[in-house]
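Report on the structure given below.
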Amino acid sequence: MSRTHRLFQMMQTLRRLSPPVTARRLADEMGMSLRTIYRDIDSLRGIGAVIDGEAGFGYTLIEDAALPPLGFEDDELEALVLGLRDVAVIGDPALARAARSALAKIKARVPPRQAHRLQHAVLDAHRFAPQPVIRIDVSLLREATWDEVSVRFAYRDAEGSQTVRRVDPLGLVYLDRSNVLLAWCHLRNDFRTFRLDRMESLERTDLSFRPKRVPLLREHLDRIRCEIAPPAEDRARSD
4 MSRTHRLFQM
14 MQTLRRLSPP
24 VTARRLADEM
34 GMSLRTIYRD
44 IDSLRGIGAV
54 IDGEAGFGYT
64 LIEDAALPPL
74 GFEDDELEAL
84 VLGLRDVAVI
94 GDPALARAAR
104 SALAKIKARV
114 PPRQAHRLQH
124 AVLDAHRFAP
134 QPVIRIDVSL
144 LREATWDEVS
154 VRFAYRDAEG
164 SQTVRRVDPL
174 GLVYLDRSNV
184 LLAWCHLRND
194 FRTFRLDRME
204 SLERTDLSFR
214 PKRVPLLREH
224 LDRIRCEIAP
234 PAEDRARSD
């Protein structure tokens, strides 16, 4: 591996791993000695990379707009194309436009050879089942989720009964046949999952639930995993 490629890989590794990244973790990830890691950290700092930390405490890469953008590996580019094309198919109108715009920006900024690969990518995404019609502004729902404020909407269940819900939105999940909101429901005083196509009259409130979103989302996902996992007795029989 050339020194230039090694430095490039170290930058990518620092970006990928949760900071602070210890020298030992970098050495294990990259298959190098600690001495090489320390030397390469110094080299990166010497050419302008802003890397916080020191030996014994771990390192954190501080993104610097003055540095030239790093490129993508071919497989990374394929993954980006596939993911963005899938978002363009399953996302709400605003998200679909953002995905197409992101693809155009990537194509304009990668080297010509990779721009050709992007234009003629061997991977694509199609959904043959029609997506349910969503009548709410999903971008408003995403913003409320990021801002950790409650929302209110009318909801129609599978039997057609309608209720008005105030919920703390925790996250959106795009499934094969429907898109759903994971939330804490104040009407039921419990976690609930709502299909976006059954929601109407969405409005944002001024009620904040910060900083509870992340721990609540983790708890909701843990409960879902427990509900779908087969009991230990059944797993023992299948083994």
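If you're matching positions, the sequence shown starts at 4 in the working numbering and goes up one per residue.
Yeah, the Cβ is synthetic: ideal placement off N, Cα and C, and Gly gets one too.
Quick caveat: nothing in here was measured; it's all calculated off a predicted structure.
Name the DSSP beta bridge partners of residue i, please?
i, result
"residue 165", "159"
"residue 176", "183"
"residue 229", "Bridge partners of residue 229: none, in fact."
"residue 56", "62"
"residue 211", "152"
"residue 2", "Since the first residue of the chain shown is 4 and the last is 242, residue 2 is not available in this structure."
"residue 196", "185"
"residue 203", "157"
"residue 24", "62"
"residue 170", "154, 188"
With distances taken from CA atoms, which of the options is nearest residue i?
i, options, result
"residue 220", "199, 184, 6", "184"
"residue 160", "145, 123, 120, 202", "202"
"residue 140", "95, 6, 155, 46", "95"
"residue 199", "137, 147, 174", "137"
"residue 51", "151, 173, 65", "65"
"residue 8", "46, 101, 31", "46"
"residue 166", "174, 134, 177, 204", "204"
"residue 172", "150, 56, 182", "150"
"residue 11", "99, 33, 58", "33"
"residue 110", "224, 98, 123", "123"
"residue 134", "147, 181, 79, 107", "181"
"residue 35", "82, 6, 59", "6"
"residue 195", "217, 227, 213, 209", "227"
"residue 58", "222, 25, 82, 84", "25"
"residue 209", "16, 99, 169", "169"
"residue 224", "186, 75, 81, 62", "186"
Is there a C-beta anywhere in chain C that falls below 8 Å from the one on residue i?
i, result
"residue 10", "In the structure shown, chain C cannot be found, because there is only a single protein chain."
Verify the contact flag: residue i, CB atom, against every heavy atom of the ligand ATP, threshold strictly below 7 Å.
i, result
"residue 43", "Ligands in the displayed structure: none, and consequently the ligand ATP is not present."
I think residue i touches residue j, with their Cβ atoms under 8 Å apart; what is that distance to the nearest whole Å?
i, j, result
"residue 13", "residue 29", "7 Å"
"residue 145", "residue 178", "With a Cβ gap of about 17 Å, residue 145 and residue 178 do not count as contacting."
"residue 77", "residue 19", "Incorrect: roughly 17 Å between the Cβ atoms, too far for contact."
"residue 48", "residue 37", "Not quite, the Cβ-Cβ distance comes to about 17 Å (not below 8 Å), so this is no contact."
"residue 142", "residue 97", "4 Å"
"residue 23", "residue 60", "6 Å"
"residue 54", "residue 44", "6 Å"
"residue 216", "residue 147", "10 Å between Cβ atoms; not a contact."
"residue 83", "residue 75", "7 Å"
Next on the checklist: Using 8 Å as the cut-off, can you tell me whether the stretch 123-137 makes contact with the stretch 80-98, which would need three or more C-beta pairs spanning the two stretches below that distance?
Outcome noted: Because the criterion of three Cβ pairs below 8 Å is met, the stretch 123-137 and the stretch 80-98 touch.
Checklist entry - Can you give, in chain order, each stretch of the alpha helix (DSSP H) that sits fully within the stretch 60-144 and has at least 4 residues? => result Residue ranges of uninterrupted alpha helix (DSSP H) with 4 or more members, entirely inside the stretch 60-144 and ordered along the chain, are 77-93, 96-112, 115-122.
Checklist entry - Is the stretch 191-198 close to the stretch 96-103, with three or more CB pairs under 8 Å? => result As far as the Cβ criterion goes, the stretch 191-198 does not touch the stretch 96-103, which means the pair count is below three.
Item to check | contact_flag[the stretch 110-122, the stretch 143-160] where n(CB pairs < 8 Å) is 3 or more | outcome: Of all C-beta pairs linking the stretch 110-122 to the stretch 143-160, fewer than three are shorter than 8 Å, placing the two stretches out of contact.
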